[in-house]
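Below you'll find the structure, written out as structure tokens, and then a few comments.
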Amino acid sequence: MADIRTTIAGLQMVNPVMTASGTFGYGLEFADLVDLSQIGGIIMKGTTLNPREGNDYPRMAETACGMLNCVGLQNKGVDYFCGHIYPQVKDIPSNMIVNVSGSSPEDYAACAARINELDKIPAIELNISCPNVKQGGMAFGVTTEGASQVVRAVREAYDKTLIVKLSPNVTSIADIARSVEDAGADAVSLINTLMGMAIDIEKRKPRLSINTGGLSGPAVKPVAVRCVWQVAKAVKIPVIGLGGIMNAEDAIEFFMAGASAIEIGTGNFIDPAISVKVAQGISDWLDRHHYESIHDIVGII
Amino acid sequence: MKQCKDLKIVAVEHPNDGYVLLKLTDAEQLPAIHAGQFVEIKVENSPQTFLRRPISVNFVDENRNELWLLIQVVGEGTRHLANLQLGDTLNVLFPLGNGFSQGVAGDKVLLIGGGVGIAPLLEYAKQLKQVGATPYLLLGGRSANNLLQLDIFRQFGEVYVTTEDGSMGEKGFVTNSSILQLFNSSTSPHRGGNAQRAEGVSFSRISCCGPKPMMMAVAKWAKEHQVKCEVSLENLMACGLGACLCCVEKTVKGNVCVCKEGPVFDIEELTWS
Chain A
57 MADIRTTIAG LQMVNPVMTA SGTFGYGLEF ADLVDLSQIG GIIMKGTTLN
107 PREGNDYPRM AETACGMLNC VGLQNKGVDY FCGHIYPQVK DIPSNMIVNV
157 SGSSPEDYAA CAARINELDK IPAIELNISC PNVKQGGMAF GVTTEGASQV
207 VRAVREAYDK TLIVKLSPNV TSIADIARSV EDAGADAVSL INTLMGMAID
257 IEKRKPRLSI NTGGLSGPAV KPVAVRCVWQ VAKAVKIPVI GLGGIMNAED
307 AIEFFMAGAS AIEIGTGNFI DPAISVKVAQ GISDWLDRHH YESIHDIVGI
357 I
Chain B
835 MKQCKDLKIV AVEHPNDGYV LLKLTDAEQL PAIHAGQFVE IKVENSPQTF
885 LRRPISVNFV DENRNELWLL IQVVGEGTRH LANLQLGDTL NVLFPLGNGF
935 SQGVAGDKVL LIGGGVGIAP LLEYAKQLKQ VGATPYLLLG GRSANNLLQL
985 DIFRQFGEVY VTTEDGSMGE KGFVTNSSIL QLFNSSTSPH RGGNAQRAEG
1035 VSFSRISCCG PKPMMMAVAK WAKEHQVKCE VSLENLMACG LGACLCCVEK
1085 TVKGNVCVCK EGPVFDIEEL TWS
């Protein structure tokens, strides 16, 4: 059987399949439905220094082969995470990773510093790419200066594995990736959602409360594969690929484009056990094609 | 415990063009389902239907190990479900959410349903009767076509009907029903028709499921008459598990997921004005 164990910037994973932030809660919500120990890493819901109520309803619109969302980083803040959620998730036998967001470099750094104190959290994923908040989020991720400013601030406050999640809503994602690599990121994950919009023509109104939202699901996969391919050629740090992965074949595309691991997001809504099925499917595909290890196909395109 | 599995379709009934009743079973004993909980169905072979469809549990037949889903055909996804055949399987994520309040013996509960929102009230009426509570059913629809399963409802409690076009029962909305008018003025000398049978009833609670404007009208009525009231919301959902935070409703505790904290809420928790 092919070896699908992977190490990303020091994170040892049973397989290269992670669950994407905002689509898998804190893992606990899925515990009845999937064996969490068989997931390479679980990236928990975006956490900010202070609590956030998120955007008004409606926050979701189904679209062809995907969905738009404008949740807007609803969370109870890092203190609540440390005090109430961490005790419940610290013994889940997977890499429990916190997705960190903020509205200023200082915010991001302060939030990351709190997470740094938690023994069982081996990594954070820095969200500089949320399209659904007015301040911060994607504002940092769309310029090389903004991106490196946030990553430098967090790098000083955080000494474990630092993954930076990139936005596709930019002219050159490779330039942004290089800037966060230079600023001290250990890995990059991409893509966050693509900014989109949908209109209810009968009501003559946008279908989302803040008009625009982030598009995810199979509709974005070709864009994501292209971004991963460009970024993997531009940086030396590992690339984690995500965007519309619904099965093992989709995942294999990302590995060939240069991803060392993948995340599954929207797919969790369709099949709560998809991550484990995709991991098994990757192993089966490698066996069928006589590869001994997942590493043998990473970046072959 | 939540499950995600293929259930087998043992009956497909079409009460009329607008609805399909699917009866599902499993080789294993179905999990305990609390009235008001829902399922998320995966719609296969329907490219426009990307997300699962949340559907309330209509009825559980414990003797036959059957789960019933009464589905109104409104779009491509539900049209697909209406075309399913006997022997097909359906991938179901269930049971989800919290249901209606559990009744106790002696409770008199008024269940108010509108349109396809009457579906979960059938199981609730059954469960209330099982614990010795008395359900009263006030069911409203645009027309008689929207009022299904009335014979089964009558096995569990008295049924009062309103239709907007007057094709069955009293003409108007549920909030115009004489059963509510009677409550409003129990000393009124004029009591006709249905209302007479409910004479003297004071309800422990109202449980309501239907279109939002109807539920808001019922909630307003309940507040005015100081009756406890709970409503079942159907906000647009993705995951059904409380993970994606898409289906939130504003409550006194902030935005909460309808799929996980609901779908049934006490109206005192909501910020409806």
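Here the protein sequences line up with chains A and B, keeping their order.
Counting with this note's numbering, you get residues 57 to 357 for the letters of the first sequence.
Counting with this note's numbering, you get residues 835 to 1107 for the letters of the second sequence.
No residue lacks a Cβ here, since even glycine has one placed at the ideal position from N, Cα and C.
The model shown is predicted, which means the values in this text are computed figures rather than measured ones.
Cβ of residue i within 8 Å of any chain B Cβ
{"i": "C186(A)", "result": "no"}
{"i": "E173(A)", "result": "no"}
{"i": "P114(A)", "result": "yes"}
{"i": "G337(A)", "result": "no"}
{"i": "Q130(A)", "result": "yes"}
{"i": "N324(A)", "result": "yes"}
{"i": "A329(A)", "result": "yes"}
{"i": "G139(A)", "result": "no"}
{"i": "T63(A)", "result": "no"}
{"i": "N155(A)", "result": "no"}
{"i": "M123(A)", "result": "yes"}
{"i": "V127(A)", "result": "yes"}
{"i": "E109(A)", "result": "yes"}
For residue i, the nearest candidate out of the options (CA to CA)
{"i": "I60(A)", "options": "I356(A), I357(A), G355(A), I350(A)", "result": "I350(A)"}
{"i": "W1055(B)", "options": "L924(B), L1014(B), N925(B)", "result": "L1014(B)"}
{"i": "L124(A)", "options": "L1070(B), Q989(B), N850(B)", "result": "L1070(B)"}
{"i": "P274(A)", "options": "F310(A), D163(A), Y142(A), V127(A)", "result": "F310(A)"}
{"i": "R115(A)", "options": "S880(B), L904(B), L1079(B), A1051(B)", "result": "L1079(B)"}
{"i": "A254(A)", "options": "S265(A), V189(A), T75(A)", "result": "S265(A)"}
{"i": "T968(B)", "options": "N879(B), V1086(B), L981(B), S1036(B)", "result": "S1036(B)"}
{"i": "P178(A)", "options": "M100(A), S223(A), S331(A)", "result": "M100(A)"}
{"i": "Y42(A)", "options": "Q205(A), P224(A), A169(A)", "result": "The structure shown does not extend to residue 42(A), since chain A is modelled only from 57 through 357, so no value can be given for it."}
{"i": "S77(A)", "options": "S272(A), A233(A), T63(A), D238(A)", "result": "S272(A)"}
{"i": "V154(A)", "options": "I247(A), A243(A), V206(A), V134(A)", "result": "V134(A)"}
{"i": "K292(A)", "options": "M251(A), R234(A), N267(A), I247(A)", "result": "R234(A)"}
{"i": "S1107(B)", "options": "T1085(B), I889(B), R1039(B), V993(B)", "result": "T1085(B)"}
{"i": "N225(A)", "options": "T79(A), M152(A), V198(A), A307(A)", "result": "V198(A)"}
{"i": "S880(B)", "options": "G122(A), P328(A), V284(A)", "result": "G122(A)"}
{"i": "L105(A)", "options": "G158(A), D343(A), S339(A)", "result": "G158(A)"}
Distance, residue j Cα to residue i Cα
{"i": "V276(A)", "j": "G300(A)", "result": "6 Å"}
{"i": "P294(A)", "j": "S316(A)", "result": "6 Å"}
{"i": "G1044(B)", "j": "A117(A)", "result": "21 Å"}
{"i": "Q936(B)", "j": "C167(A)", "result": "42 Å"}
{"i": "P149(A)", "j": "L92(A)", "result": "7 Å"}
{"i": "W902(B)", "j": "G852(B)", "result": "17 Å"}
{"i": "D147(A)", "j": "K176(A)", "result": "8 Å"}
{"i": "S1019(B)", "j": "E1058(B)", "result": "Low local confidence applies: a pLDDT of 46 at S1019(B) is under 50, so the model's placement there is unreliable, with the coordinate-based value given in what follows. Going from the Cα of S1019(B) to the Cα of E1058(B) covers about 13 Å."}
{"i": "S245(A)", "j": "L298(A)", "result": "7 Å"}
{"i": "L915(B)", "j": "G202(A)", "result": "49 Å"}
{"i": "Q286(A)", "j": "N248(A)", "result": "15 Å"}
{"i": "E85(A)", "j": "T322(A)", "result": "15 Å"}
{"i": "P72(A)", "j": "I180(A)", "result": "17 Å"}
{"i": "A1029(B)", "j": "V965(B)", "result": "Any answer about A1029(B) is weak, because its pLDDT of 42 lies below 50 and its placement is not dependable; what the coordinates show is given next. Going from the Cα of A1029(B) to the Cα of V965(B) covers about 25 Å."}
{"i": "L885(B)", "j": "G911(B)", "result": "9 Å"}
{"i": "G128(A)", "j": "G252(A)", "result": "14 Å"}
{"i": "Q68(A)", "j": "R344(A)", "result": "25 Å"}
{"i": "V281(A)", "j": "I875(B)", "result": "29 Å"}
{"i": "T62(A)", "j": "V70(A)", "result": "7 Å"}
Buried or exposed (CB count within 10 angstroms, at least 16 for buried), residue i
{"i": "G1026(B)", "result": "Caution applies to G1026(B), whose pLDDT of 43 falls short of 50 and renders its modelled position unreliable; the model cannot decide the point."}
{"i": "K221(A)", "result": "buried"}
{"i": "S1066(B)", "result": "buried"}
{"i": "Q989(B)", "result": "exposed"}
{"i": "P278(A)", "result": "exposed"}
{"i": "I356(A)", "result": "exposed"}
{"i": "V908(B)", "result": "exposed"}
{"i": "Q871(B)", "result": "buried"}
{"i": "Q144(A)", "result": "exposed"}
{"i": "K1087(B)", "result": "exposed"}
{"i": "H1024(B)", "result": "With a pLDDT of 42 at H1024(B), under the threshold of 50, the modelled position of this residue cannot be trusted; read the value that follows with caution. Answer is exposed; the Cβ neighbour count stays below 16."}
Within-8 Å CB hit, residue i to chain A
{"i": "P954(B)", "result": "no"}
{"i": "R886(B)", "result": "yes"}
{"i": "S1019(B)", "result": "Unreliable placement is indicated for S1019(B), whose pLDDT of 46 sits below 50; no coordinate value is reported for it."}
{"i": "Q882(B)", "result": "yes"}
{"i": "A869(B)", "result": "no"}
{"i": "E1103(B)", "result": "no"}
{"i": "E910(B)", "result": "no"}
{"i": "K1087(B)", "result": "no"}
{"i": "E878(B)", "result": "no"}
{"i": "G1076(B)", "result": "yes"}
Requested in this report: Check whether the region 894–904 of chain B touches the region 941–948 of chain B, taking contact to mean three or more Cβ pairs, one atom from each stretch, closer than 8 Å.
Outcome: Contact fails: fewer than three Cβ-Cβ distances are below 8 Å.
Query raised in the report: Are the region 209–220 of chain A and the region 106–114 of chain A in contact at 8 Å, needing three or more beta carbon pairs?
Result: In short, these stretches do not touch, since the Cβ pair count stays below three.
**Report entry** Members of the region 64–94 of chain A near chain C, C-beta cut-off 8 Å
**Finding:** Structure shown: chain C not included; protein chains present are A and B.
Query raised in the report: Just checking, does the region 953–965 of chain B make contact with the region 920–929 of chain B on the three C-beta pairs under 8 Å criterion?
Result: No, they do not touch.
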